[in-house]
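Input: a single structure, listed below in structure tokens.
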């Protein structure tokens, strides 16, 4: 199966809803009362589910907030609280009293790839304050111990994100690593309005076409929480998906559709991404929301 | 005819090559020796040609430099010189010894729309120096009298670019107005590698979906030179064009293709644009090239 | 008298408090209850006062908020409201139902000079909305008609701010022009914590050493409100003021101090400015506060 | 002795020229032919010299280029070559064929502190290319193996630069660490025109008032080359130095001058720095020069 999205939810949606084959994958969802927010959870429970989904075993929470993000400050507050709640559920036992390192992956100079570094800019870090002012200060303010880094991308550093983070995790004895990254989605409607949280790791740059050494608990030896926001759709994906939707309505079979895909002249979509015109603005807003959610989790007394 | 591109060259290409209907439109091209640069000229000579092309009468020069832009400084120099030469040919009689105002249209905070303001940043302006130091200074350095403005877009200013430029043109008695703007193209291969120069005006924001009052000699009362760089392809365009190319190979008629267009679910492509991943970097480079070309024209002794 | 500050309040402070000579200059002040904000009003009532103060006749309101700016969101809200109130008092009769143009003077690429352009970025402009949606829309939302421009500085545009604004004021028939600019102060403690509002005009760039054609009601033919924030102290000023303070404590006479000023080697302070380390951050904050205050004035229903 | 500068050259200048006490400190200088560049070398040879200078033993090379930086591209090229030559002399034996890590210290969001991160942005990194394409590729292009990081400052990361770099040095087995940082000077004429290169380490943030754990061969276990550019003068320094210069001309003794220093009201200069108005621009230029020099050293075939 061709993987065109980083969202486990979209992979799940590409299967028929009652697919008995997908027995190791459990989907549930709920909507916070009086909101337009939808929170879906995809649990990949066994190796068979993992293989079929093309994703590692683990929990994938998707927060969708289409209606909200164009709206008022009040509604953004609800979204921030829901994300904070999901962060806690995914790592609460692990984060209380632990040393947390937040890493904003991606290239700050490429708008669609900049959400990680932008979250780091707005994050409230406490590690140096706690080391200087002590545990009483930490308890009084109910701060978790948070440090942060935006390691940059390989073309800027010559190093894998893995190498940089591995060195820092070991040096600072971090116990929980939170990764923030830009993802690729399949649906343009999800761009900059959806957040995926998962207890599995990340392949940095996967969202925009650069596969690197995986960042996960096995490779880094530390508990991981990954938070991703889809910021681009691959141009080839939107072309194929639209063509498929139109032609399957005309009675084309799945096999015929696949054969047509091969007819597509690759140059027109290669290395091209679909983004909304206002991506600069919506990345700013989404990075504020994520930073606020993390600050609410780890420095609630702020 | 549905207009999906701002490039006159792409409109011309959408007609059969020997179309007798297009009698009022003349196409010529040449390649500077030992380069990969292609320079095409579309002349729309009469009203009938204008109507068929969906563009005002005038000369449209397109400089294509795919190979060059990924390459060496030496090759960029050749491109700069070719553009400078085209600028001179399109306005030489009008620019010698005249008061020139260069306007960088677009929104500096939206990457795909920022090329105009970025050219202005790098432009060498001389008007204030000449006013202070006199004509001898001007002659000695062979400076034309250049002023510049980045008027912003309506969502930032509450004013039409037309209003701002009209006021400044009148106040400073400008005699030649050069407009720099981002355009929409039909082919992704032309993004950030192609420059269109024309002696007609511009509809600001047309490239990314906002139609405003036209900027041209009739509305502003001043000779115009417009320079545009395609920075986005509309997502609907790439979907339709790719589908058409694949299906016409399968024997679908033009009529059938049009009927399929109507089946495309609009939400997936509405307000979406296709850009290369490295758009931030390529807009920087292209704005340098344009500013260098204008500086070479108007301040050759620099 | 050597002018080392753009703040009328600081000029007034340089005279003895009960100076009978300064008969045409009235100073009053008040503190909003339960705040550390101090609001001072210097009124220059006649030509003699104007000459002694080295400033045109008019009202100069200074809002000082040292304590506040390092503090909570709640306290910033009070400051925003106080500034909005002062704006209204200075131009209320003129702004109700009038066409307002806000101009952010200065160079966005020079941190200490960027406050004007940064306020414009965050301003809510309404003119285009009202023109499109009509008076009912305007009344329903209680919007004044606001447009905005950041004209840039002469080194960027080749034009005086005066020329650009004059053209736009005439073209758009603006009735009130609000100028935002960076100022020079004498006291470092006032940097980025103080706002001066006045119904007189501005000499653009005066704060950082570039005198240009004045922007005022006489030259532009439109009612003016100027809002300035001191962002730099001239290095020569801080050196002289500190030396004077120390040496007058040692019994040096005013004449002796002046003669010592002449001994100062000029190169060490020429074109040098004193700023706090965190100027980038404090300019961001102050531009938010000013934009919020203007938005509160002109779009209270937002 | 009160330390008001990071430049060893300025410390040396504060002693009488023929000071016999400074026997462990050797000063030499030369000027490249037909240039205005001055290159001075201060060698601190023993512990006594180190104590008197208030700096660790080592070689401190200062490149001064006042005249050059306002001038032509040709002159910048000479400067780039001189810096590259000094880099080679200070670490040639150590850098040939070794793994080099360049760290750009400082806060990219504070102009005066951003030179380190800005050099990193423009550096040509090769480590990932060499790892992918092999030794033949490296030899063919005469590339040294270079990686780079901008670790940020403690207020952004919660971690000491020491911790981040220590982790990365160990993980990537770097053999030479080049540190780039902003410094404080005593003379405004040296701001953004002077480069200090030394084989000793750096105290990050020392230039602008934040003392952190030292970065040097002892703490990091790797050969160090530090490159610094003075971007600020402490406001207190300029006030005291100017006062001293004026008053010593009036016959005041050194003791009297020191006693007057104590009279200076601290608030007016606390946390204040003197910078030129055009600091944003001159930091851009200086970071280009440093990046070009390092690229010339480590990727001469580029």
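Chains as they are written, first to last, in this note's numbering: chain A, 89 to 390; chain B, 89 to 390; chain C, 89 to 390; chain D, 89 to 390.
Cβ coordinates follow ideal geometry from the N, Cα and C atoms, glycine included.
Coil, strand or helix - residue i by DSSP
i: residue 170 of chain A; result: helix
i: residue 386 of chain C; result: helix
i: residue 319 of chain D; result: strand
i: residue 147 of chain D; result: strand
i: residue 352 of chain B; result: coil
i: residue 225 of chain B; result: helix
i: residue 360 of chain C; result: strand
i: residue 97 of chain B; result: helix
i: residue 89 of chain D; result: Legend: pLDDT at residue 89 of chain D = 40, less than 50; position of this residue unreliable, value from coordinates given subsequently. If DSSP states are grouped into helix, strand and coil, residue 89 of chain D belongs with coil.
i: residue 281 of chain B; result: coil
i: residue 269 of chain B; result: strand
i: residue 188 of chain B; result: strand
i: residue 276 of chain A; result: helix
i: residue 45 of chain C; result: Outside the shown range of chain C, which is 89 to 390, sits residue 45 of chain C, and nothing can be said about it.
i: residue 347 of chain C; result: helix
i: residue 176 of chain D; result: helix
i: residue 247 of chain C; result: coil
i: residue 235 of chain C; result: strand
Contact with chain D by residue i, beta-carbon distance below 7 Å
i: residue 286 of chain A; result: no
i: residue 251 of chain A; result: yes
i: residue 202 of chain A; result: no
Residues near residue i by beta carbon distance below 8 Å, same chain, minus five either side
i: residue 133 of chain A; result: 112, 113, 114 and 145
i: residue 166 of chain D; result: 120, 123, 125 and 156
Check: residue i C-beta below 6 Å from any heavy atom of the ligand SAM
i: residue 204 of chain A; result: Judged by which ligands are present, the structure shown has none, so any question about the ligand SAM falls away.
Within-7 Å CB hit, residue i to chain B
i: residue 319 of chain C; result: no
i: residue 356 of chain A; result: yes
i: residue 348 of chain A; result: yes
i: residue 194 of chain A; result: no
i: residue 216 of chain C; result: yes
Neighbour list for residue i in chain B, Cβ cutoff strictly below 8 Å
i: residue 364 of chain A; result: 359, 360 and 361
Proximal residues of chain D, C-beta to C-beta of residue i below 7 Å
i: residue 199 of chain C; result: 199 and 368
Neighbouring residues, chain C, relative to residue i (Cβ below 8 Å)
i: residue 353 of chain D; result: 330 and 333
i: residue 256 of chain B; result: 247, 251, 252, 255 and 256
Contacting residues, own chain, Cβ-Cβ under 6 Å from residue i (five flanking each side not counted)
i: residue 106 of chain B; result: none
Contact list for residue i against chain A, beta-carbon separation under 8 Å
i: residue 277 of chain B; result: 355 and 356
i: residue 244 of chain D; result: 208, 209, 213 and 236
7 Å Cβ cut-off: residues of chain A touching residue i
i: residue 307 of chain D; result: The contacting residues do not exist; residue 307 of chain D stays about 12 Å from chain A at best.
i: residue 310 of chain B; result: Under the 7 Å cutoff, chain A gives no residues; its nearest Cβ is about 30 Å from residue 310 of chain B.
Test: residue i CB closer than 7 Å to a CB of chain A
i: residue 213 of chain D; result: yes
i: residue 327 of chain B; result: yes
i: residue 260 of chain D; result: yes
i: residue 236 of chain D; result: yes
Contacts that residue i makes with chain B (C-beta to C-beta distance below 7 Å)
i: residue 222 of chain A; result: Those do not exist, as residue 222 of chain A stays about 43 Å from chain B at its closest Cβ, beyond 7 Å.
Cβ neighbours of residue i in the same chain (closer than 7 Å, five flanking residues each side left out)
i: residue 248 of chain A; result: 242, 300 and 301
i: residue 194 of chain B; result: 201, 202, 203, 204, 205, 241, 269 and 270
i: residue 381 of chain B; result: 168, 171, 172 and 175
i: residue 89 of chain D; result: Confidence at residue 89 of chain D is low in this model, with a pLDDT of 40, below 50, so the placement of that residue is unreliable and no value is reported for it.
Residue-level contact to chain C via CB, residue i, 7 Å cutoff
i: residue 324 of chain D; result: no
i: residue 188 of chain B; result: no
Bridge-paired residues (DSSP) for residue i
i: residue 152 of chain A; result: A/126 and A/282
i: residue 117 of chain B; result: B/128
i: residue 313 of chain C; result: C/266
i: residue 303 of chain D; result: D/290
Contacts of residue i in chain F (Cβ-Cβ under 8 Å)
i: residue 337 of chain D; result: Given the protein chain composition of this structure (A, B, C and D), no chain F is represented.
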